[in-house]
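Asks: In the numbering used here, the protein residues as written are 30 to 199.
1) Among the residues of its own chain, which have a CB less than 7 Å from the CB of residue 166, if the five just before and after it don't count?
2) What's the C-alpha gap between residue 147 and residue 154?
3) Between residue 181 and residue 172, what straight-line distance do the alpha-carbon atoms span, to the nearest angstrom?
4) On the DSSP letters alone, give me the boundaries of the alpha helix (DSSP H) that residue 59 sits inside.
5) Go through the region 136 to 186 residue by residue and report every complete run of the alpha helix (DSSP H) that reaches 4 residues or more, in order.
6) In the DSSP assignment, find the unbroken alpha helix (DSSP H) run with residue 110 in it and report its ends.
7) Closer than 8 Å is the cut-off here; do at least three beta carbon pairs connect the region 98 to 110 with the region 80 to 89?
Below you can see the structure in the form of C-alpha coordinates.
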(Lines of atoms letter the chains of each structure in order from A and count residues from 1; the text may use other names and numbers.)
(Lines give C-alpha, C1' and ligand atoms only; values in the text may rest on other atoms or scores of the structure.)
Protein backbone atom coordinates (compact mmCIF):
# COMPACT_ATOMS: atom_id res chain seq x y z
CA UNK A 1 0.00 0.00 0.00
CA UNK A 2 1.10 3.54 -0.63
CA UNK A 3 1.68 5.75 2.41
CA UNK A 4 -1.58 7.56 1.68
CA UNK A 5 -3.50 4.28 1.83
CA UNK A 6 -4.33 4.22 -1.88
CA UNK A 7 -3.71 1.49 -4.39
CA UNK A 8 -1.30 2.04 -7.27
CA UNK A 9 -3.01 1.14 -10.55
CA UNK A 10 -1.00 -0.02 -13.55
CA UNK A 11 -3.17 0.38 -16.66
CA UNK A 12 -2.34 -2.04 -19.45
CA UNK A 13 -3.93 -0.83 -22.72
CA UNK A 14 -4.13 -3.88 -25.00
CA UNK A 15 -3.99 -2.70 -28.63
CA UNK A 16 -4.26 -6.08 -30.39
CA UNK A 17 -6.50 -9.03 -29.59
CA UNK A 18 -4.41 -11.97 -30.74
CA UNK A 19 -3.53 -15.28 -29.06
CA UNK A 20 0.21 -14.47 -29.16
CA UNK A 21 -0.28 -11.08 -27.45
CA UNK A 22 -2.58 -12.59 -24.82
CA UNK A 23 -0.15 -15.42 -24.03
CA UNK A 24 2.69 -12.89 -23.73
CA UNK A 25 0.66 -10.66 -21.41
CA UNK A 26 -0.30 -13.57 -19.16
CA UNK A 27 3.29 -14.87 -19.09
CA UNK A 28 4.59 -11.45 -18.03
CA UNK A 29 1.85 -10.94 -15.44
CA UNK A 30 2.54 -14.39 -13.96
CA UNK A 31 6.24 -13.53 -13.68
CA UNK A 32 5.44 -10.59 -11.38
CA UNK A 33 2.31 -12.02 -9.68
CA UNK A 34 3.79 -11.63 -6.19
CA UNK A 35 3.35 -7.84 -6.60
CA UNK A 36 -0.28 -7.77 -7.80
CA UNK A 37 -3.14 -7.09 -5.42
CA UNK A 38 -5.40 -9.63 -7.15
CA UNK A 39 -2.84 -12.41 -6.58
CA UNK A 40 -2.85 -11.85 -2.79
CA UNK A 41 -4.18 -14.79 -0.80
CA UNK A 42 -6.28 -14.51 2.33
CA UNK A 43 -3.15 -14.83 4.50
CA UNK A 44 -1.07 -12.36 2.45
CA UNK A 45 -2.78 -9.09 3.30
CA UNK A 46 -3.29 -6.26 0.81
CA UNK A 47 -0.77 -5.44 -1.90
CA UNK A 48 -0.34 -2.02 -3.45
CA UNK A 49 -0.37 -2.69 -7.21
CA UNK A 50 -3.49 -3.55 -9.17
CA UNK A 51 -3.13 -4.24 -12.90
CA UNK A 52 -6.09 -2.93 -14.92
CA UNK A 53 -6.37 -4.27 -18.47
CA UNK A 54 -8.26 -2.12 -20.96
CA UNK A 55 -8.69 -1.97 -24.73
CA UNK A 56 -8.88 -5.21 -26.74
CA UNK A 57 -9.32 -7.55 -23.76
CA UNK A 58 -11.93 -10.03 -25.02
CA UNK A 59 -9.30 -12.64 -25.87
CA UNK A 60 -7.34 -11.94 -22.69
CA UNK A 61 -10.41 -12.78 -20.61
CA UNK A 62 -10.56 -16.20 -22.28
CA UNK A 63 -6.83 -16.92 -22.69
CA UNK A 64 -6.65 -18.84 -19.40
CA UNK A 65 -9.08 -20.16 -16.81
CA UNK A 66 -11.11 -17.41 -15.12
CA UNK A 67 -9.37 -17.84 -11.74
CA UNK A 68 -5.93 -17.47 -13.34
CA UNK A 69 -6.83 -14.25 -15.16
CA UNK A 70 -8.61 -12.91 -12.05
CA UNK A 71 -5.46 -13.47 -9.98
CA UNK A 72 -3.34 -11.43 -12.41
CA UNK A 73 -5.45 -8.43 -13.40
CA UNK A 74 -8.76 -6.62 -13.36
CA UNK A 75 -10.35 -6.35 -16.81
CA UNK A 76 -11.93 -2.94 -17.22
CA UNK A 77 -15.71 -2.84 -17.39
CA UNK A 78 -16.22 -6.22 -15.74
CA UNK A 79 -18.27 -6.57 -12.57
CA UNK A 80 -16.42 -9.09 -10.44
CA UNK A 81 -19.13 -9.45 -7.80
CA UNK A 82 -17.94 -12.19 -5.44
CA UNK A 83 -15.18 -13.48 -7.75
CA UNK A 84 -12.55 -11.17 -6.22
CA UNK A 85 -12.64 -10.24 -2.55
CA UNK A 86 -11.61 -6.68 -1.78
CA UNK A 87 -9.31 -6.76 1.28
CA UNK A 88 -8.22 -3.12 1.00
CA UNK A 89 -8.81 -0.98 4.07
CA UNK A 90 -12.08 0.91 3.86
CA UNK A 91 -13.48 -1.20 1.02
CA UNK A 92 -12.34 1.17 -1.74
CA UNK A 93 -13.49 0.48 -5.31
CA UNK A 94 -11.11 -1.69 -7.28
CA UNK A 95 -13.10 -2.25 -10.48
CA UNK A 96 -12.51 0.13 -13.39
CA UNK A 97 -14.49 1.31 -16.37
CA UNK A 98 -13.61 3.74 -19.14
CA UNK A 99 -15.99 6.28 -20.59
CA UNK A 100 -15.52 8.65 -23.48
CA UNK A 101 -15.46 12.41 -22.93
CA UNK A 102 -17.64 14.31 -22.23
CA UNK A 103 -17.92 12.71 -18.81
CA UNK A 104 -21.10 13.84 -17.09
CA UNK A 105 -20.84 14.28 -13.32
CA UNK A 106 -24.11 12.40 -12.72
CA UNK A 107 -22.94 9.37 -14.70
CA UNK A 108 -19.56 9.36 -12.94
CA UNK A 109 -21.32 9.47 -9.54
CA UNK A 110 -23.66 6.65 -10.59
CA UNK A 111 -20.71 4.48 -11.68
CA UNK A 112 -18.87 5.28 -8.43
CA UNK A 113 -21.82 4.30 -6.27
CA UNK A 114 -22.93 1.23 -8.25
CA UNK A 115 -26.21 2.93 -9.22
CA UNK A 116 -25.61 3.20 -12.99
CA UNK A 117 -28.55 1.63 -14.82
CA UNK A 118 -26.37 0.36 -17.69
CA UNK A 119 -23.64 -1.29 -15.56
CA UNK A 120 -23.71 -3.53 -12.53
CA UNK A 121 -21.02 -2.81 -9.93
CA UNK A 122 -19.21 0.17 -8.43
CA UNK A 123 -16.36 1.40 -10.60
CA UNK A 124 -13.44 3.79 -10.62
CA UNK A 125 -13.91 5.84 -13.79
CA UNK A 126 -11.24 6.56 -16.41
CA UNK A 127 -12.06 9.10 -19.15
CA UNK A 128 -10.53 9.10 -22.62
CA UNK A 129 -10.77 11.41 -25.61
CA UNK A 130 -10.79 14.54 -23.44
CA UNK A 131 -8.26 16.55 -25.47
CA UNK A 132 -9.03 20.23 -24.76
CA UNK A 133 -11.72 19.23 -22.23
CA UNK A 134 -9.33 17.77 -19.65
CA UNK A 135 -10.48 20.20 -16.94
CA UNK A 136 -14.12 19.25 -17.63
CA UNK A 137 -13.32 15.56 -17.10
CA UNK A 138 -11.57 16.28 -13.83
CA UNK A 139 -14.45 18.50 -12.68
CA UNK A 140 -16.86 15.63 -13.44
CA UNK A 141 -15.06 13.57 -10.79
CA UNK A 142 -13.30 10.96 -12.91
CA UNK A 143 -10.53 9.02 -11.17
CA UNK A 144 -8.10 8.92 -14.10
CA UNK A 145 -7.75 10.50 -17.52
CA UNK A 146 -5.96 9.29 -20.62
CA UNK A 147 -4.09 12.33 -21.87
CA UNK A 148 -1.21 13.26 -24.12
CA UNK A 149 1.68 15.25 -22.69
CA UNK A 150 0.59 18.31 -24.66
CA UNK A 151 -2.86 18.11 -23.03
CA UNK A 152 -1.31 17.93 -19.55
CA UNK A 153 0.95 20.92 -20.06
CA UNK A 154 -2.00 22.92 -21.45
CA UNK A 155 -4.20 21.94 -18.47
CA UNK A 156 -1.49 22.86 -15.95
CA UNK A 157 -1.00 26.24 -17.64
CA UNK A 158 -4.76 26.91 -17.46
CA UNK A 159 -4.88 25.89 -13.79
CA UNK A 160 -1.94 28.14 -12.93
CA UNK A 161 -3.44 31.13 -14.73
CA UNK A 162 -6.84 30.53 -13.08
CA UNK A 163 -5.28 30.37 -9.61
CA UNK A 164 -3.29 33.57 -10.26
CA UNK A 165 -6.43 35.60 -11.08
CA UNK A 166 -7.75 37.63 -8.15
CA UNK A 167 -11.05 36.34 -6.84
CA UNK A 168 -13.89 38.76 -6.21
CA UNK A 169 -15.55 38.62 -2.81
CA UNK A 170 -19.06 37.15 -2.77
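Heads up, the beta-carbon is just placed ideally off N, CA and C, and yes, glycines get one too.
Replies: Let me spell this out:
1) The residue labelled residue 166 in the question sits at position 137 within the chain shown. The answer, listed in chain order, is 130, 132, 156, 159, 174.
2) Within the chain shown, residue 147 is the residue found at index 118, counting from 1. Within the chain shown, residue 154 is the residue found at index 125, counting from 1. In a straight line, the C-alpha of residue 147 is about 14 Å away from that of residue 154.
3) If you number the chain shown from 1, residue 181 lands on position 152. If you number the chain shown from 1, residue 172 lands on position 143. Each residue's alpha carbon lies about 15 Å from the other.
4) For this step, residue 59 is matched to residue 30 along the chain shown. Where residue 59 is concerned, the enclosing alpha helix (DSSP H) stretches over 48 to 60.
5) 163 to 168
6) What you label residue 110 is simply residue 81 of the chain shown in a count that begins at 1. From DSSP, residue 110 is part of no alpha helix (DSSP H); its letter is neither H nor E.
7) yes
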